[in-house]
Amino acid sequence: MLSCWPAVVRGWVLRMTNAEGALSFAHKTVLAPMVRVGTLPMRLLALDYGADIVYCEELIDIKMAQCERVVNDVLGTVDFVAPDERVMFRTCSEEKGRVVFQMGTADPERALVVAKLVENDVAAVDVNMGCPKEYSTKGGMGSALLSDPDKIEAILSTLVKGISKPVTCKIRILPTLEDTVNLVKRIERTGVAAIAVHGRMREERPRHPVHCDYIQAVAESVSIPVIANGGSSDMVKTFEDMEKFRAAAGASSVMLARAAMWNPSIFRQQGALSVEEVMEDYIRYAVRYDNNPFNTKYCLCQMLRDRVESPFGKRLHAAQTNEEICEVFGMTDFYNKTKAELEARKAALQTNGDQSEQPKLEDDVITMPVRFERRDYPPQITPKMYLLEWSRKEKLDQPVYETEQRTQDRAFQSTVIIDNKKYRSALWEKSKKFAEQAAAIVCLRTLGLPEGRIGEEHSGLVNKRKRDDRKCAALDDNESAARKRHISEDPQEEEEEMIRRTKVVNGVCGQTTR
Numbered sequence: 001m002l003s004c005w006p007a008v009v010r011g012w013v014l015r016m017t018n019a020e021g022a023l024s025f026a027h028k029t030v031l032a033p034m035v036r037v038g039t040l041p042m043r044l045l046a047l048d049y050g051a052d053i054v055y056c057e058e059l060i061d062i063k064m065a066q067c068e069r070v071v072n073d074v075l076g077t078v079d080f081v082a083p084d085e086r087v088m089f090r091t092c093s094e095e096k097g098r099v100v101f102q103m104g105t106a107d108p109e110r111a112l113v114v115a116k117l118v119e120n121d122v123a124a125v126d127v128n129m130g131c132p133k134e135y136s137t138k139g140g141m142g143s144a145l146l147s148d149p150d151k152i153e154a155i156l157s158t159l160v161k162g163i164s165k166p167v168t169c170k171i172r173i174l175p176t177l178e179d180t181v182n183l184v185k186r187i188e189r190t191g192v193a194a195i196a197v198h199g200r201m202r203e204e205r206p207r208h209p210v211h212c213d214y215i216q217a218v219a220e221s222v223s224i225p226v227i228a229n230g231g232s233s234d235m236v237k238t239f240e241d242m243e244k245f246r247a248a249a250g251a252s253s254v255m256l257a258r259a260a261m262w263n264p265s266i267f268r269q270q271g272a273l274s275v276e277e278v279m280e281d282y283i284r285y286a287v288r289y290d291n292n293p294f295n296t297k298y299c300l301c302q303m304l305r306d307r308v309e310s311p312f313g314k315r316l317h318a319a320q321t322n323e324e325i326c327e328v329f330g331m332t333d334f335y336n337k338t339k340a341e342l343e344a345r346k347a348a349l350q351t352n353g354d355q356s357e358q359p360k361l362e363d364d365v366i367t368m369p370v371r372f373e374r375r376d377y378p379p380q381i382t383p384k385m386y387l388l389e390w391s392r393k394e395k396l397d398q399p400v401y402e403t404e405q406r407t408q409d410r411a412f413q414s415t416v417i418i419d420n421k422k423y424r425s426a427l428w429e430k431s432k433k434f435a436e437q438a439a440a441i442v443c444l445r446t447l448g449l450p451e452g453r454i455g456e457e458h459s460g461l462v463n464k465r466k467r468d469d470r471k472c473a474a475l476d477d478n479e480s481a482a483r484k485r486h487i488s489e490d491p492q493e494e495e496e497e498m499i500r501r502t503k504v505v506n507g508v509c510g511q512t513t514r
């Protein structure tokens, strides 16, 4: 019987048949994708309260394609980290089988790159075709795609063929019922697993009534699950209202956005909790998973709604860190306990030796995934200095650094060559100097040598540097003091100053450096 079906549909059916535990979108309650709201704490909270599926906020393909997948053993998460070190997407095992990654895209090949990057850490991949906001539509993404059915088909077909997880999309309705039905039929033929329909047109906003008749016509025209969205203002105020909305729209499932943003406990079958209790639950996840404090504050302010201008709301708005947010809610003890637990876990990983940071031989280069964090080292002390001093002590040639720059994000990666061996960090850095320091760290850790970190035992190398500095301090004492004051705020200038000082020591005191 399958032989008479279109190839894409046939392939999808076989994949869904063979995929063990593939996410089903039938008869589900779903947390909608919401910008700045659908981060990890909100998703976990919605799941706790009873949501079956949660969508992350829309993440743009261009930004995600530059990210690196990093296992965060301290938090127990998988992080997708941009070159500027921002965590673009964070997920964890608690949601792995129920989280849908939504992307904004207008390019099939770039969409596939991102989907392949995240597919092993999510349950499904969704393409945003419904957002009417300028930040999405100006790049041809979001609801702008509704005017280009050929591109919609190309993107979805590429994803369905290219990844092992279910692919879905979220749309808005078109000006006519006929156009809407024709579009969703074409979408179904790409092999997607489900389609979410926001029952409003592109130019309509929440104050306009949701068109349940359009959603019902869509559901009747396709065989895949249809997820009804857009009922938060008109129809859904309680858990029971979700079933009423589903029935009115003739849909298989219901997706909530603003109703869940205001109080995610709407997913509780036993009834919603007070906003105050929900906010405290949210803060616990925000602290536990080191959520960005400004994102934490934004989500809490959405829950406060009209009370955001109250004295309490103003105190919350003034908070700048998760610690200060906890103070506002009287949760300082929880914050201190959680942070202590995370610090203890971090220390244990460092003591025991995180296996993910053990040296690996790739071709002829020894690599480790490490970054240079300037705050981890005392002023005027760097791993490059330690490596240079060690090479001189061992009478080896001076370390040589070879650095390359990645074109798409202008990030840097450096390889240090010493004693005919090559060492490199597997991570890319934001500057050439930081990339060289990271390479030096890999070398020092592989050789079991000190690198100068704060709290590390003192070594003869540091003492030797201090003695050399004292010998030559009289050369230009006043200039040196002025330079120290100037460079103390700039790590890159600091490194240049240390190189200058090294040259003075070597030139005047008769030492040899290469």
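Numbering (full-length UniProt numbering), first residue to last: 1 to 514.
Idealized CB from N, CA, C, for every residue including glycine.
The structure displayed is predicted, hence computed values, not measured ones.
DSSP-derived helix/strand/coil call for residue i
| i | result |
| --- | --- |
| Tyr282 | helix |
| His198 | strand |
| Phe312 | helix |
| Ser391 | helix |
| Cys443 | helix |
| Arg258 | helix |
| Thr77 | strand |
| Glu204 | coil |
| Ser252 | coil |
| Val35 | coil |
| Lys133 | coil |
| Tyr49 | helix |
| Lys138 | coil |
| Thr176 | coil |
Proximal residues to residue i (C-beta, below 6 Å), its chain only, five neighbours per side dropped
| i | result |
| --- | --- |
| Ala435 | Thr403, Phe412, Gln413, Ser414, Glu429 |
| Gln216 | Ala249, Gly250 |
| His486 | Residue placement at His486 cannot be trusted, given a pLDDT of 43 that sits under 50; the coordinates are not used to answer. |
| Arg465 | The pLDDT assigned to Arg465 is 46, lower than 50, so where the model puts this residue is not dependable; a value taken from the coordinates is nonetheless given after this. Same-chain partners within the cutoff: there are none. |
Residue closest to residue i, alpha-carbon to alpha-carbon, out of the options
| i | options | result |
| --- | --- | --- |
| Val78 | Glu94, Ala65, Gln66, Asp84 | Glu94 |
| Val278 | Thr39, Arg410, Met242, Leu45 | Leu45 |
| Ile366 | Gln398, Asn420, Lys393 | Asn420 |
| Val127 | Ile381, Arg374, Gly104 | Gly104 |
| Ser24 | Val226, Ala144, Pro83 | Val226 |
| Tyr423 | Ser431, Lys395, Leu387, Gly455 | Leu387 |
| Ile171 | Phe329, Leu447, Asp148, Ala344 | Asp148 |
| Arg345 | Val74, Val160, Leu47 | Val74 |
| Asp61 | Glu109, Pro41, Asn72 | Glu109 |
| Val397 | Val416, Asp409, Ile381 | The sequence shown places Asp at residue 397, rather than the Val named in the question. It is Val416 whose Cα lies nearest to the Cα of Asp397. |
| Val308 | Phe334, Asn336, Val275, Ala286 | Val275 |
| Leu361 | Ser425, Leu349, Asn336, Ser310 | Ser425 |
C-alpha distance - residue i paired with residue j, whole-angstrom precision
| i | j | result |
| --- | --- | --- |
| Asp364 | Val370 | 18 Å |
| Asp52 | Ala26 | 10 Å |
| Arg86 | Asn291 | 12 Å |
| Lys116 | Thr332 | 41 Å |
| Ser136 | Gly142 | 5 Å |
| Ser391 | Pro399 | 7 Å |
| Arg406 | Gln269 | 51 Å |
| Leu31 | Ile195 | 14 Å |
| Val184 | Pro33 | 20 Å |
| Lys138 | Ala144 | 8 Å |
| Glu489 | Ser157 | Low per-residue confidence applies at Glu489: pLDDT is 41, beneath 50, and the placement is therefore not dependable, though the value from the model is reported in the following sentence. Cα to Cα, Glu489 sits roughly 51 Å from Ser157. |
| Tyr282 | Arg36 | 14 Å |
| Asp121 | Glu389 | 43 Å |
| Val100 | Gln302 | 23 Å |
| Thr176 | Asp150 | 19 Å |
| Met129 | Leu146 | 7 Å |
| Asn72 | Tyr214 | 44 Å |
| Ile454 | Thr446 | 19 Å |
Neighbourhood of residue i by C-beta, 7 Å cutoff - its chain only, sequence neighbours within 5 removed
| i | result |
| --- | --- |
| His208 | Arg200 |
| Pro491 | Residue confidence for Pro491 is low, a pLDDT of 43 falling below 50, so the modelled location carries little weight; the figure read from the coordinates is stated next. Contacts found: Arg374. |
Integer-rounded CB distance, given that residue j should sit under 8 Å from residue i
| i | j | result |
| --- | --- | --- |
| Glu188 | Ile152 | Contact doesn't hold; Cβ gap of about 12 Å is too wide. |
| Trp262 | Arg205 | The Cβ separation is near 17 Å, so there is no contact. |
| Gly97 | Ala65 | At roughly 25 Å, the Cβ-Cβ gap does not stay under 8 Å, so Gly97 and Ala65 are not in contact. |
| Val218 | Val167 | Not a contact, Cβ separation roughly 18 Å. |
| Cys56 | Gln102 | 6 Å |
| Val192 | Ile173 | At roughly 17 Å, the Cβ-Cβ gap does not stay under 8 Å, so Val192 and Ile173 are not in contact. |
| Pro383 | Glu451 | 4 Å |
| Leu273 | Ser265 | 4 Å |
| Phe267 | Val254 | With a Cβ gap of about 10 Å, Phe267 and Val254 do not count as contacting. |
| Asn295 | Thr39 | 6 Å |
Contact with chain B by residue i, beta-carbon distance below 8 Å
| i | result |
| --- | --- |
| Thr176 | Among the chains of the structure shown, chain B does not appear; only one protein chain is present. |
Other residues of its chain near residue i: CB distance less than 8 Å, five sequence neighbours each side excluded
| i | result |
| --- | --- |
| Lys297 | Leu316, His317, Ala319, Ile325 |
| Ile163 | Leu112, Ala115, Lys116, Glu119, Val125 |
| Glu203 | Pro132 |
| Met88 | Leu59, Lys63, Met64, Cys67, Phe80, Val81, Ala82 |
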